[in-house]
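Read in order, the letters of the sequence shown correspond to residues 1 to 78 in the UniProt record's numbering.
For reference, the structure discussed in these notes is given below.
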Amino acid sequence: MQLALQIILLVTAVLMTIFILLHKGKGGGLSSLFGGGVQSNLSGSTVVEKNLTRYTIVLALIWIAAIVALNLLQAYNL
Numbered sequence: 001m002q003l004a005l006q007i008i009l010l011v012t013a014v015l016m017t018i019f020i021l022l023h024k025g026k027g028g029g030l031s032s033l034f035g036g037g038v039q040s041n042l043s044g045s046t047v048v049e050k051n052l053t054r055y056t057i058v059l060a061l062i063w064i065a066a067i068v069a070l071n072l073l074q075a076y077n078l
């Protein structure tokens, strides 16, 4: 059980990192420093951005649930 939760934790962490990096910059950050601010108006769709946000939130919830479950298993020595 712990191994399965650890694998889920690892996969969701990697996917969440990728999904967060796929979000377009909102300006003023590092993305605009390298020219991302100029191209942000030309590329991407708002529907794609909304779906990416939803997937990122779902992955974050799964990630948090895996952390809590692993901590409970460790606390009760199951």
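Note that CB positions come from ideal geometry on N, CA and C, so glycine has one too.
8 Å Cβ cutoff met for residue i and residue j
i, j, result
"I8", "A66", "yes"
Option nearest residue i by Cα separation, candidates the options
i, options, result
"T53", "W63, H23, I64, L78", "H23"
"A4", "G25, I20, V58, L70", "L70"
"residue 111", "L72, Y76, V48, Y55", "The question about residue 111 has no answer, for the chain in this structure spans 1 to 78."
"K50", "I20, I64, Q74", "I20"
"T17", "V47, T46, Q6, W63", "W63"
"G25", "V11, Q6, T46, L72", "T46"
Distance between residue j and residue i (C-alpha atoms, nearest Å)
i, j, result
"Q2", "I57", "23 Å"
Boundaries of the alpha helix (DSSP H) in which residue i is found, first to last residue
i, result
"M16", "2-22"
"L61", "46-75"
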